[in-house]
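First comes the structure, then the notes that go with it.
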Amino acid sequence: MAERALVFGLHAVGAVLSHSPERILELWLSSGRDDPKIKSLRGNAEAAGIKPQPASADALRKLVGDVTHQGVVAAIRPLAPWHDNELLTAVAASKDPAFLLVLDGVSDPHNLGACLRSADAAGVQALVVPKDRSAHIDAVVRKVAAGAAEFVPVATVTNLARTLEALKGLGVWVVGTDGEAVETLFGADLNRPLALVLGAEGSGLRRLTREKCDFLVKIPMAGRIESLNVSVAAGIALFEARRQRSKLTVTP
-9 MAERALVFGL
1 HAVGAVLSHS
11 PERILELWLS
21 SGRDDPKIKS
31 LRGNAEAAGI
41 KPQPASADAL
51 RKLVGDVTHQ
61 GVVAAIRPLA
71 PWHDNELLTA
81 VAASKDPAFL
91 LVLDGVSDPH
101 NLGACLRSAD
111 AAGVQALVVP
121 KDRSAHIDAV
131 VRKVAAGAAE
141 FVPVATVTNL
151 ARTLEALKGL
161 GVWVVGTDGE
171 AVETLFGADL
181 NRPLALVLGA
191 EGSGLRRLTR
201 EKCDFLVKIP
211 MAGRIESLNV
221 SVAAGIALFE
231 ARRQRSKLTV
241 TP
């Protein structure tokens, strides 16, 4: 039997249907919905040669549990998993300068999904997470990521510090975010082969991870709150890196 993963929600399933319909193994649509969004998704599926199956609310609940599935559930062929070797091979073989997002122990699946969504939007080549002390790609992450989990490779590595050292050996600059850093994100040179590293909710970067960073940056805060949610911080850092790497200019 082919490996399967469940994806639910209009955006997440619609993204797979639009970009990789061949990966959809089965598609279920709520028999209680017949609105324009469902009709559009059904039409796109049929145009791609996929026959949606009607399903009751109870049947969908049995598939994915008590979540907001919006009446849409699909079984898909997931991306091939990446581990240490696949990540390093891809970075070494890429013709483009590396652009990676590393999350050091982000355990909330909603934050992981939001980071994946930002990573896809910013053009990140892969997301790197440790095998332990981290959320993993599940149906909740896929829903929050709104389809991004189906296109951004996620490398689950055994030893994050060792992986960062190996990336540095390939010419990748490892840049960590830390509220106590002296240099600001907007003053740093990010136009280089780059792995941006963000720490866990609350505790931040672990000591070994921090020590492997080439340098640390902080997001300057103008208000009274001392820190940002990790997914918000990831979005800000990624798009500042993208701005610099694309040599974009901001018009006042």
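Numbering (this note's numbering), first residue to last: -9 to 242. Glycine included, C-beta positions come from ideal geometry on N, C-alpha and C.
A straight line joining the alpha-carbon of V220 with that of L186 spans about 12 angstroms. For A45, the enclosing beta strand (DSSP E) starts and ends at 43 to 45. Counting along the chain, the unbroken beta strand (DSSP E) around F89 starts and ends at 89 to 94.
Sequence-distant partners of N34 (beyond 5 residues in either direction) whose C-beta falls short of 6 angstroms from its own C-beta, in its chain, are L7. Taking C-alpha positions only, Q60 is separated from A80 by approximately 36 angstroms. Secondary structure in the segment 134 to 209: the alpha helix (DSSP H) runs of 4 residues or longer, each lying completely within the stretch, are 150 to 159, 197 to 202 in chain order.
Beta bridge pairing from DSSP links F(-2) with V63. V207 is the residue among R197, V207, E155, I28 whose C-alpha sits nearest the C-alpha of A223. DSSP places E16 in the strand class (E or B) of the three-state scheme. Judged by DSSP in its simplified three-state form, V119 adopts strand. Within 10 angstroms of the beta-carbon of E36 lie fewer than 16 other beta-carbons, which makes it exposed. In chain order, Q234, R235 place their CB closer than 7 angstroms to the CB of N181, counting only its own chain and leaving out the 5 sequence neighbours on each side. Taking the CA atoms as reference points, A64 sits about 34 angstroms from T153.
In terms of Cα proximity to K41, the closest of A47, A49, D48, R32 is R32.
Between the alpha carbons of E230 and F(-2) lies a gap of roughly 31 angstroms. Taking 7 angstroms as the cut-off, the Cβ atoms of K202 and V164 count as close. One thing to note: F89 has its Cβ no nearer than 7 angstroms to the Cβ of L150. P68 places its beta carbon less than 7 angstroms from that of A(-5). Where N101 is concerned, the enclosing alpha helix (DSSP H) starts and stops at 99 to 112. The residue among E191, G161, A212 with its C-alpha nearest the C-alpha of P99 is E191.
Using a Cβ distance threshold of 7 angstroms, L117 and V96 do not count as a contacting pair.
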